[in-house]
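Engineer:
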Amino acid sequence: MIRSITRKKSDEEIDRLLDGLGRVFIIGCGTCTTLTRTGGEPEVRAMKERLSGQGKLVTGTMILPVACDNLTGEALKEYGQQIDQADVLLIMTCAFGVQTIARQLKKMVVPALDTLFIGKENGIGQFDEICTQCGTCILGETGGICPVTSCHKGLVNGPCGGTNNGKCEIDSEKDCAWTLIYNRLKELGRLDLMRTYQKPRNHQGEPSPGKIILEASSQSASGQ
Amino acid sequence: MPWIPLSEIQVKGSAASQSLGEKKYFERLSMASSFKKALKSGKFLVTSEVAPPKGTNLEKMHHHIELLKDKVDAINITDHQSSVMRFPSLGGVLLVKEMGGEPILQMTCRDRNRLALQADLLFASSRGINNVLCLTGDSVILGDHKEAKGVFDMDSSQLLATIRRMEKGKDLGGNDLDGSVSFCAGAIVTPEANPIEPQLIKFEKKIEAGAEFIQTQAVYHLDNFAKFMDYAKQFPVKILAGIILLTSAPMARFMNKNVAGVNVPQDLIDEMASAPKGRALDKGIEIAGRMIKRIQKEKMCDGVHVMAIGREELVPDIISAAGLS
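Protein chains in written order, with the working numbering: chain Y, 11 to 234; chain G, 41 to 365.
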């Protein structure tokens, strides 16, 4: 399952964003940020304790089951009074959840987390970025490993000179995508794909901001 | 080619074109670079490199160019080396040209998208800069502007292919160029990369994309390098072995630990450590000279690219230690 991977902002940044706002309602998420231990029940509780210790009034806390879901609006209604009393909502979900909540309520929102990437849990407590949703998929030519995402520079013609013992020049914990791709294609007997020159990528596969409107005819076709 | 002011460049009827005669003037602008001729000559080549300053004080760069310009076949000017913001390589190559030297413009893909890279190639060509070393570029994170966006709209092989396309009169958008370009284009390879196979595929792609010369990452294990050359010799490309001056034993250990694809063997580190106090640089020069001598004597490759990072003034000493001056 794809996950939105987040990291808590520094206390200093959160304090700056909450400066002058005395009453805070805190919202966590039972899905991705619970998994990444950035916005689950224990983290929301710790945040409440920290802010209370600073003299702020925490009007309430809640953990939405899935913050990015359309049902979030209904769930928020249950806490209407506590939310109304707050100056600000401190949100411990990914940015998708922050925006879903902001759309529902006329309240200033402050994200407590930075949303890092769309990824996958590849082991307990290890999350890897899998897809940057670039809009021009080349997985068919790389043995199913994405260099746009997994190579720090997004290179599509092979490794740079910074590759070091199969690791990336920016971090020895990160694999060199092109070492992985080489090994995979070699195993599959398809190194010819790596030898094929890839022209400069199309960075406008779907010009940002992405928006897709299905045509009426294709909607009915898919319904048949 | 003498220095021609920008206002005079490629303008028919300009003072410069009239003084030389129109035809001769334009012939000279499109003249093959002296480095390209040197590549074809079969002589043992020596290139070196100079880093632009952080700031507008060009005195030191000027001094280094002055020291090197008549001793080497070409001088690379680095492009925000190690992702550290500096005076631009384009400015540096113009200075080399102005001073009568033969420059190689280093271009990385880290800081410019395809529009800016092509524009800089047009500008370089208009100023008689005809040698380009195409690099992907180090990560921004390794440098001194760690929060900057790394562009990497293209990679080194795509930049090479772009040059060849522009030489045919087209830009990457498929549009005609008004006025031609002609470059002697090169690239790099890391013969000691681990694993080596993916690096060699990239190396071959760079040659297919149009690299005429290759300057390698520093090599110290010459037996390993000879093996690399046994493989590389099959390709139609000139190879210059990278020589980085060892300045001390700790510097060698530092490179082993921190620079990808650089591997200084223990015996060289021991040799550096054995130098009497205050004489480590002399030892480094001796080692570099000895390596160059062996590369030339055994005809391992077509030349050397000498790097004395931060110690450019010692390059002439290395060249004479190698018996090349």
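Quick reminder that beta carbons are idealized off the backbone N, C-alpha and C, glycines included.
Could you check where the alpha helix (DSSP H) with Y:Q114 kicks off and where it finishes?
Structural biologist: Here residue 114 of chain Y refers to the residue found at position 104 of the first sequence. Run containing Y:Q114: 105-114, per the alpha helix (DSSP H) assignment.
Engineer: Between the beta-carbon of G:M312 and the beta-carbon of G:A320, is there less than 8 Å?
Structural biologist: Residue numbering aside, residue 312 of chain G sits at position 272 when the second sequence is read from its first letter. Residue numbering aside, residue 320 of chain G sits at position 280 when the second sequence is read from its first letter. Their beta carbons are under 8 Å apart, which means G:M312 touches G:A320 by this criterion.
Engineer: Can you grab the Cα-Cα spacing for the pair G:K83 / G:D342, in whole Å?
Structural biologist: In the second sequence, residue 83 of chain G corresponds to position 43, counting from 1. In the second sequence, residue 342 of chain G corresponds to position 302, counting from 1. Spanning the two alpha carbons is a distance of roughly 7 Å.
Engineer: Residues of the segment 200-214 of chain Y with a CB closer than 9 Å to any CB of chain G: list them in chain order, please.
Structural biologist: Of all residues in the segment 200-214 of chain Y, L201, M204, R205, T206, Y207, Q208, K209, P210, R211, H213 have a Cβ within less than 9 Å of some Cβ in chain G.
Engineer: Taking a Cβ distance cut-off of 8 Å, strictly less, list which residues of the segment 160-176 of chain Y are near chain B, in chain order.
Structural biologist: As a matter of chain content, chain B is missing from the structure shown, whose protein chains are Y and G.
Engineer: Cβ atoms of G:L200 and G:G250: under 8 Å apart, would you say?
Structural biologist: Taking the first residue of the second sequence as position 1, residue 250 of chain G is located at position 210. Taking the first residue of the second sequence as position 1, residue 200 of chain G is located at position 160. A contact, by the Cβ cut-off of 8 Å.
Engineer: Which residue's Cα is closest to the Cα of G:S222: G:S165, G:A362, G:P93?
Structural biologist: For the purposes of this step, residue 222 of chain G is identified with residue 182 of the second sequence, where counting begins at 1. Of G:S165, G:A362, G:P93, the residue nearest in Cα terms is G:S165.
Engineer: Give me the chain G residues within the contact set of Y:Y192, using Cβ-Cβ distance strictly less than 8 Å, ordered along the chain.
Structural biologist: What you label residue 192 of chain Y is simply residue 182 of the first sequence in a count that begins at 1. Within 8 Å Cβ-Cβ: P235, E237, P238, I241.
Engineer: Measuring alpha carbon to alpha carbon, tell me which residue in G:R204, G:I284, G:D322, G:T256 is nearest G:M340.
Structural biologist: Position 300 of the second sequence, counting from 1, holds the residue named residue 340 of chain G. Among G:R204, G:I284, G:D322, G:T256, the Cα nearest to that of G:M340 belongs to G:T256.
Engineer: Please list, in chain order, all residues of the same chain as Y:E53 whose beta carbon is under 8 Å from its beta carbon, the five residues on each side excluded.
Structural biologist: Mapped onto the first sequence, residue 53 of chain Y falls at position 43. The residues are K18, G38, T43, R47, M102.
Engineer: So G:N264 is in the beta strand (DSSP E); what residue range does that whole segment cover?
Structural biologist: Your numbering for residue 264 of chain G matches position 224 in the second sequence. Counting along the chain, G:N264 falls outside any beta strand (DSSP E), though it belongs to the alpha helix (DSSP H) covering 262-272.
Engineer: Rounded to whole angstroms, how far is the Cβ of Y:G40 from the Cβ of Y:I73, which I believe are closer than 8 Å?
Structural biologist: The count along the first sequence starts at 1 and reaches residue 40 of chain Y at position 30. The count along the first sequence starts at 1 and reaches residue 73 of chain Y at position 63. Sure, about 5 Å apart at Cβ, within 8 Å.
Engineer: For Y:N167, which residues of its own chain have a beta-carbon under 7 Å away from its beta-carbon, when the five flanking residues on both sides are left out?
Structural biologist: Your numbering for residue 167 of chain Y matches position 157 in the first sequence. Hits under 7 Å: Y207, Q208.
Engineer: Threshold first: 3 residues or longer. Then list the beta strand (DSSP E) segments lying entirely within the segment 54-125 of chain Y, N to C.
Structural biologist: Runs of the beta strand (DSSP E) inside the segment 54-125 of chain Y: 67-74, 98-102, 118-121.
Engineer: Compute the Euclidean distance between the alpha carbons of G:N264 and G:L240, then round it to the nearest angstrom.
Structural biologist: Locating residue 264 of chain G in the second sequence gives position 224, counting from the first residue. Locating residue 240 of chain G in the second sequence gives position 200, counting from the first residue. Their backbone Cα atoms lie some 14 Å apart in a straight line.
Engineer: For a cutoff of 8 Å on Cβ pairs, would you count G:I181 as touching chain Y?
Structural biologist: Taking the second sequence and counting its residues from 1, the one referred to as residue 181 of chain G is at position 141. Chain Y, which has a Cβ nearer than 8 Å to the Cβ of G:I181, makes this yes.
Engineer: Under 8 Å Cβ-Cβ, which residues of chain Y neighbour G:K245?
Structural biologist: Position 205 of the second sequence, counted from the first residue, corresponds to residue 245 of chain G. Neighbours of G:K245 on chain Y, chain order: N167, G168, R205, Y207.
Engineer: Judging by CA-CA distance, which residue of G:Q198, G:A188, G:G183 is the nearest neighbour of G:T176?
Structural biologist: By 1-based counting over the second sequence, the position of residue 176 of chain G is 136. Residue G:Q198 is the option with its Cα nearest to G:T176.
Engineer: With a threshold of 6 Å on Cβ separation, who are the neighbours of Y:G172 within its own chain once the five nearest residues in sequence on each side are excluded?
Structural biologist: Position 162 of the first sequence, counting from 1, holds the residue named residue 172 of chain Y. Closer than 6 Å at the Cβ level, and outside the excluded window around Y:G172, lie E179.
Engineer: Report yes if the C-beta distance between Y:G199 and G:P235 is below 8 Å; otherwise report no.
Structural biologist: Along the first sequence, read from residue 1 onward, the residue named residue 199 of chain Y stands at position 189. Along the second sequence, read from residue 1 onward, the residue named residue 235 of chain G stands at position 195. No. Outside cutoff.
Engineer: Indicate the three-state DSSP secondary structure (helix, strand or coil) for G:Q158 in the structure shown.
Structural biologist: If you number the second sequence from 1, residue 158 of chain G lands on position 118. Helix.
Engineer: At 8 Å on the CB atoms, spell out the chain G contacts of Y:I180, in chain order.
Structural biologist: Position 170 of the first sequence, counting from 1, holds the residue named residue 180 of chain Y. Under the 8 Å cutoff, chain G gives S179, I181, L182.
Engineer: Where does G:P143 fall in DSSP's three states?
Structural biologist: Translated into positions along the second sequence, residue 143 of chain G becomes position 103. Strand at G:P143.
Engineer: Whose C-beta lies closer than 6 Å to the C-beta of Y:P121 among residues of the same chain, with five residues either side of it excluded?
Structural biologist: Reading the first sequence from its first residue, position 111 is the one you call residue 121 of chain Y. Closer than 6 Å at Cβ, skipping near neighbours: I101, V108.
Engineer: For G:L85 and G:L280, I'd like the C-alpha separation in whole angstroms.
Structural biologist: Translated into positions along the second sequence, residue 85 of chain G becomes position 45. Translated into positions along the second sequence, residue 280 of chain G becomes position 240. Their backbone Cα atoms lie some 7 Å apart in a straight line.
Engineer: Is the beta carbon of G:V224 sitting closer than 8 Å to the one on G:E244?
Structural biologist: As a working mapping, residue 224 of chain G is identified with position 184 in the second sequence. As a working mapping, residue 244 of chain G is identified with position 204 in the second sequence. This sequence places Cys at residue 224 of chain G; Val is not what is there. Not a contact, by the Cβ cut-off of 8 Å.
Engineer: Does the beta-carbon of G:P276 have 16 or more other beta-carbons within 10 angstroms, so that it is buried, or is it exposed?
Structural biologist: In the second sequence, the residue the question calls residue 276 of chain G occupies position 236. Burial call: exposed.
Engineer: Return the Cβ separation of G:H261 and G:P290 in integer angstroms, given the expectation that the two are a contact with Cβ distance under 8 Å.
Structural biologist: Within the second sequence, numbered from 1, the residue matching residue 261 of chain G stands at position 221. Within the second sequence, numbered from 1, the residue matching residue 290 of chain G stands at position 250. Contact flag wrong, Cβ pair sits at about 20 Å.
Engineer: Three Cβ pairs or more, each shorter than 8 Å: is that satisfied between the segment 114-132 of chain Y and the segment 178-196 of chain Y?
Structural biologist: They do not touch, by the three-pair rule.
Engineer: Could you list the residues in the segment 94-125 of chain G with a C-beta less than 9 Å from some C-beta on chain Y, going in chain order?
Structural biologist: Those residues of the segment 94-125 of chain G that come within reach of chain Y (Cβ to Cβ, closer than 9 Å) do not exist; the list is empty.
Engineer: Between the beta-carbon of Y:Q114 and the beta-carbon of Y:T82, is there less than 8 Å?
Structural biologist: Mapped onto the first sequence, residue 114 of chain Y falls at position 104. Mapped onto the first sequence, residue 82 of chain Y falls at position 72. Against a cut-off of 8 Å, the Cβ pair of Y:T82 and Y:Q114 comes out as a contact.
Engineer: Considering only DSSP beta bridges, list what Y:G129 is partnered with.
Structural biologist: Translated into the one-based positions of the first sequence, residue 129 of chain Y becomes position 119. Beta-bridge pairing links Y:G129 to Y:R13, Y:E139.
Engineer: Do G:E237 and G:V259 have their CB atoms nearer than 8 Å?
Structural biologist: Along the second sequence, one-based indexing puts residue 237 of chain G at 197. Along the second sequence, one-based indexing puts residue 259 of chain G at 219. No. Outside cutoff.
Engineer: Let me know if G:S81 comes out buried or exposed under the rule of 16 or more other beta-carbons within 10 Å of its beta-carbon.
Structural biologist: If you number the second sequence from 1, residue 81 of chain G lands on position 41. Classification for G:S81: exposed.
Engineer: Taking 8 Å as the cut-off, decide whether the C-beta atoms of G:L285 and G:A328 are in contact.
Structural biologist: Walking along the second sequence from the start, residue 285 of chain G turns up at place 245. Walking along the second sequence from the start, residue 328 of chain G turns up at place 288. In contact: G:L285 and G:A328 (Cβ atoms closer than 8 Å).
Engineer: Report yes if the C-beta distance between G:I283 and G:R293 is below 8 Å; otherwise report no.
Structural biologist: Counting from 1 along the second sequence, the entry for residue 283 of chain G is found at position 243. Counting from 1 along the second sequence, the entry for residue 293 of chain G is found at position 253. No, Cβ-Cβ distance for G:I283 and G:R293 is not below 8 Å.
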